[in-house]
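*Asks:* Those protein sequences? They're chains E and D, same order as listed. Counting in this note's numbering, the first sequence runs from 417 upward without gaps. Counting in this note's numbering, the second sequence runs from 3 upward without gaps. Idealized CB from N, CA, C, for every residue including glycine. Just so it is clear, the structure is predicted and the values come from calculations on it, not from any experiment.
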Amino acid sequence: MTKEEMIAKANEVLAEEFEVELSEITPNANIKQTLQLDSLSLVDMVALIEETFGVKVKGTDIVKIQTFEALYDFLYEKLENN
Amino acid sequence: MNRVVITGMGIYSCLGKNIDEVRQALYDGKSGIILDPSRKEMGFRSGLTAKVDVPDLKQELSRSQRVYMPEQAKYAYVSTVEALKNAKISQDYLNEHEVGLLFGNDSSADPVVKAVDIMREKKDTTLCGSGTIFQSMNSTVTMNLGCIFKLKGINLTVSGACASGSHAIGLGTMFIQNGLQDMIICGGAQEVNPYSIGSFDGISAFSIREDEPQKASRPFDRDRDGLVPSGGAATVIIESYESAKRRGAPILAEILGYGFSANGDHISSPNVDGPTRSLLMSIKRAGVNIKDIGYVNAHATSTHVGDTNEAKALFNVFGEKTVEITSTKSQTGHEMWMAGASEIIYSMLMMKDSFIAPNLNFENPDEDSAKLLIPNKRIEKHFDMFLSNSFGFGGTNSSLIVKNL
Numbered sequence: 417m418t419k420e421e422m423i424a425k426a427n428e429v430l431a432e433e434f435e436v437e438l439s440e441i442t443p444n445a446n447i448k449q450t451l452q453l454d455s456l457s458l459v460d461m462v463a464l465i466e467e468t469f470g471v472k473v474k475g476t477d478i479v480k481i482q483t484f485e486a487l488y489d490f491l492y493e494k495l496e497n498n
Numbered sequence: 003m004n005r006v007v008i009t010g011m012g013i014y015s016c017l018g019k020n021i022d023e024v025r026q027a028l029y030d031g032k033s034g035i036i037l038d039p040s041r042k043e044m045g046f047r048s049g050l051t052a053k054v055d056v057p058d059l060k061q062e063l064s065r066s067q068r069v070y071m072p073e074q075a076k077y078a079y080v081s082t083v084e085a086l087k088n089a090k091i092s093q094d095y096l097n098e099h100e101v102g103l104l105f106g107n108d109s110s111a112d113p114v115v116k117a118v119d120i121m122r123e124k125k126d127t128t129l130c131g132s133g134t135i136f137q138s139m140n141s142t143v144t145m146n147l148g149c150i151f152k153l154k155g156i157n158l159t160v161s162g163a164c165a166s167g168s169h170a171i172g173l174g175t176m177f178i179q180n181g182l183q184d185m186i187i188c189g190g191a192q193e194v195n196p197y198s199i200g201s202f203d204g205i206s207a208f209s210i211r212e213d214e215p216q217k218a219s220r221p222f223d224r225d226r227d228g229l230v231p232s233g234g235a236a237t238v239i240i241e242s243y244e245s246a247k248r249r250g251a252p253i254l255a256e257i258l259g260y261g262f263s264a265n266g267d268h269i270s271s272p273n274v275d276g277p278t279r280s281l282l283m284s285i286k287r288a289g290v291n292i293k294d295i296g297y298v299n300a301h302a303t304s305t306h307v308g309d310t311n312e313a314k315a316l317f318n319v320f321g322e323k324t325v326e327i328t329s330t331k332s333q334t335g336h337e338m339w340m341a342g343a344s345e346i347i348y349s350m351l352m353m354k355d356s357f358i359a360p361n362l363n364f365e366n367p368d369e370d371s372a373k374l375l376i377p378n379k380r381i382e383k384h385f386d387m388f389l390s391n392s393f394g395f396g397g398t399n400s401s402l403i404v405k406n407l
């Protein structure tokens with residue numbers, strides 16, 4: 417999977433699960449604000465990423481990931497290392 | 003004590019998705035029972051069930067509201083929206099007043115099963131998602147509706163087996179009678195998914211008349227062979243008479259008496275003494291002449307022992323063929339946690355439209371039901387007061403008496 421394919425997949429599953437338009441998901445946008453996540457729905461995002469990409473996101477990681485770009489970079493690095 | 007009145011009703015059941023549809027189905031003697039072949043593939047002894055579609059609430063509720071709701075909470079949301087609308091209660095009113103919420107519910111199996119499957123397969127609890135814990139609790143209906151409608155009064159779930167919905171209304175009545183609340187949203191909800199009743203099927207409680215699904219639920223009939231599981235949700239808005247008058251609300255009926263008892267006996271087999279005491283208590287508390295009760299909605303689920311013992315209790319209290327008695331479970335199957343609330347609504351609809359829906363499939367009486375007046379065809383009859391029975395596992399009993407206004 418190329419990084420572009422990974423980004424497209426991530427955007428697709430996040431937009432569908434959290435019921436936002438794909439166009440709202442841009443690299444510099446804040447994840448929590450865009451997807452309207454609270455502490456509970458953040459758990460759903462972590463589960464969704466794990467189910468989709470097989471990547472476990474630890475609590476210490478998720479607090480550092482603020483933007484979609486940061487999420488893409490984190491995911492790509494994990495996938496590259498697998 | 004404050005007088006307690008009913009000012010709104012809403013329902014989502016196998017007979018229809020709103021009051022109008024259900025009224026017509028009752029009048030037409032329609033059955034909501036089907037055979038679900040997938041249950042046979044799961045190893046069910048009986049594949050009979052009510053057909054209830056889970057509502058799609060994507061347009062009405064946000065993701066963050068829906069994610070905590072199991073199916074029975076969705077049914078209850080739909081029935082509660084209808085009840086509030088019919089009672090002329092706006093969200094502004096709910097925001098500005100202390101309105102309570104008491105619902106009968108006694109299981110939430112589907113989310114539990116799904117979470118356990120995930121835990122066993124993935125060995126990672128995060129993958130259960132954020133909604134499962136809230137979906138899994140018995141109080142899921144009241145916690146969800148309380149947050150969605152921003153309710154600020156008494157908020158709890160009543161788990162009294164198949165009398166849950168009736169006890170919820172009875173307890174709500176007591177809160178209002180005693181001046182502790184002016185208005186309470188009461189009801190009952192029941193999940194319909196197969197996981198919730200697989201173990202119930204396992205004790206041979208269900209009818210196996212699978213070749214004739216609509217003839218399987220036959221309360222009081224000599225050849226009954228068990229109940230048919232069902233579900234959905236029913237909501238009634240109850241409030242003090244003064245509150246209803248003050249609001250200019252439609253006052254539909256008055257709850258006169260709540261009787262309750264426990265058998266203190268067998269866990270599944272009902273007796274005669276417990277239900278008799280519940281019946282007598284409701285009549286005493288209502289302070290009415292028994293002859294004024296023009297219709298009895300029986301609990302009768304179509305099981306041998308249950309129907310027999312209720313028939314004996316009804317005969318003890320009412321005597322021989324003095325009042326029409328039917329079980330609407332002949333049309334709906336057994337709506338269990340919901341039944342005590344839905345059957346108040348079914349009886350209300352009959353009372354308001356002056357008819358008694360047929361006790362379907364009552365073809366031959368047995369020794370006890372022969373002593374009761376059980377119409378198997380719809381009859382046109384005006385009545386102004388009814389009694390509704392609900393009994394549950396463990397021997398919990400509830401009887402409500404309602405008067406037309």
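Would you be able to state if there are at least three C-beta pairs under 8 Å between the segment 164-173 of chain D and the segment 112-129 of chain D?
*Replies:* Verdict: no, contact absent.
*Asks:* So the candidates are D:N391, D:A359, D:G233, D:N195; which of them puts its Cα closest to the Cα of D:A78?
*Replies:* Nearest C-alpha to D:A78: D:G233.
*Asks:* The beta strand (DSSP E) that contains D:S232, what's its start and end?
*Replies:* It is not in any beta strand (DSSP E) - D:S232 carries neither H nor E in the DSSP assignment.
*Asks:* Answer with buried or exposed for E:S455, where buried requires no fewer than 16 other C-beta atoms within 10 angstroms of its C-beta.
*Replies:* It is exposed - the Cβ of E:S455 has fewer than 16 other Cβ atoms within 10 Å.
*Asks:* Could you tell me which residues DSSP pairs with E:N446 in its beta bridges?
*Replies:* Answer by DSSP bridge pairing, in chain order: E:T483.
*Asks:* Give the secondary structure of D:P215 by DSSP, where H, G and I count as helix, E and B as strand, and everything else as coil.
*Replies:* Of the three classes helix, strand and coil, the one that applies to D:P215 here is helix, per DSSP.
*Asks:* Does at least one heavy atom of the ligand GTP sit under 7 Å from the Cβ of D:L374?
*Replies:* Judged by which ligands are present, the structure shown has none, so any question about the ligand GTP falls away.
*Asks:* I'd like to know whether the C-beta of E:F469 is nearer than 8 Å to at least one C-beta of chain D.
*Replies:* By this cut-off, E:F469 is not an interface position.
*Asks:* Just to confirm, is the Cβ distance from D:K373 to D:K405 under 8 Å?
*Replies:* It is not a contact, given that the beta carbons lie outside the stated cut-off.
*Asks:* Going by DSSP, what residue range makes up the alpha helix (DSSP H) through D:A300?
*Replies:* No alpha helix (DSSP H) contains D:A300, which DSSP labels as neither H nor E.
*Asks:* Please list, in chain order, all residues of the same chain as D:V69 whose beta carbon is under 6 Å from its beta carbon, the five residues on each side excluded.
*Replies:* Excluding sequence neighbours, D:V69 sits near G133.
*Asks:* How many angstroms separate the CA atom of D:F136 from the CA atom of D:N157?
*Replies:* Spanning the two alpha carbons is a distance of roughly 15 Å.
*Asks:* Name the chain E residues whose beta carbon is nearer than 8 Å to that of D:G131?
*Replies:* Those are V459, D460, A463, listed as they occur along chain E.
*Asks:* Taking the Cβ atom as the reference point for each residue, do D:Q192 and D:M11 lie within a distance shorter than 8 Å?
*Replies:* In this structure, D:M11 does not lie closer than 8 Å to D:Q192 by Cβ.
*Asks:* Under 7 Å Cβ to Cβ from D:E241, same chain only, skipping five residues before and after it: list those, please.
*Replies:* These residues qualify, in order along the chain: V7, T9, I178, D184, M185.
*Asks:* Given that D:T128 touches chain E, what residues does it touch there, using C-beta distances under 8 Å?
*Replies:* Within 8 Å Cβ-Cβ: V459, V462, A463, E466.
*Asks:* Going along the chain, which residues of the segment 431-451 of chain E sit with their C-beta nearer than 7 Å to a C-beta in chain B?
*Replies:* In the structure shown, chain B cannot be found, because the protein chains are E and D.
*Asks:* In terms of residues, what are the limits of the alpha helix (DSSP H) holding D:S201?
*Replies:* Residues 200-203.
*Asks:* In the segment 147-192 of chain D, which residue ranges form an unbroken alpha helix (DSSP H) of at least 4 residues, counting only runs that do not cross its ends?
*Replies:* Correct list: 166-179.
*Asks:* Is there a C-beta anywhere in chain D that falls below 8 Å from the one on E:L491?
*Replies:* Not an interface residue.
*Asks:* Leaving out five residues before and five after D:A27 in sequence, what residues of the same chain have Cβ atoms less than 8 Å from its Cβ?
*Replies:* Same-chain partners within the cutoff: L17, G18, G34, Q333.
*Asks:* Go ahead and label D:D94 buried or exposed: buried means 16 or more other beta carbons lie within 10 angstroms of its beta carbon, across all protein chains shown.
*Replies:* It counts as exposed.
*Asks:* By the criterion of Cβ-Cβ separation under 7 Å, what are the contact partners of E:L456 in chain D?
*Replies:* Residues of chain D passing the Cβ test: S132.
*Asks:* Check for me: the beta strand (DSSP E) holding D:F388 runs from which residue to which?
*Replies:* D:F388 -> beta strand (DSSP E) spans 387-394.
*Asks:* By DSSP's criteria, D:M352 is part of a beta bridge. Which residues make up the other side?
*Replies:* Looking at the DSSP assignment, D:M352 forms no beta bridge with any residue, so it has no partner.
*Asks:* Assign D:H336 to one of three DSSP states: helix, strand, or coil.
*Replies:* D:H336 falls in the strand class under three-state DSSP.
*Asks:* Determine the direct distance from the alpha carbon of D:E326 to that of D:P221, and round the result to whole angstroms.
*Replies:* Answer to the nearest angstrom: the Cα atoms are 14 Å apart.
*Asks:* Within 10 angstroms of its Cβ, does D:K314 collect 16 or more other Cβ (buried), or is it exposed?
*Replies:* Per the 10 Å Cβ criterion, buried.
*Asks:* For E:F469, name the three-state secondary structure that DSSP assigns.
*Replies:* In the structure shown, E:F469 sits in a helix (DSSP, three-state: H, G or I).
*Asks:* What separation, rounded to the nearest whole angstrom, lies between the Cα atoms of D:S206 and D:E312?
*Replies:* One C-alpha to the other measures close to 20 Å.
*Asks:* For D:R5 and D:R248, I'd like the C-alpha separation in whole angstroms.
*Replies:* Taking the straight line joining both Cα atoms gives about 14 Å.
*Asks:* Would you say the segment 434-449 of chain E touches the segment 474-493 of chain E, given that touching needs at least three Cβ pairs under 8 Å?
*Replies:* The segment 434-449 of chain E is in contact with the segment 474-493 of chain E.
*Asks:* So is D:E365 buried or exposed if we call it buried at 16+ other beta carbons inside 10 Å?
*Replies:* Flag for D:E365 reads exposed.
*Asks:* Looking at the secondary structure, which residues open and close the beta strand (DSSP E) in which D:G10 lies?
*Replies:* Run containing D:G10: 6-15, per the beta strand (DSSP E) assignment.
*Asks:* My guess is that D:I295 and D:M353 are in contact by the Cβ rule of under 8 Å, so how many angstroms apart are they, rounded?
*Replies:* The Cβ separation is near 11 Å, so there is no contact.
*Asks:* What first and last residue would you give for the beta strand (DSSP E) that runs through D:K405?
*Replies:* Run containing D:K405: 398-406, per the beta strand (DSSP E) assignment.
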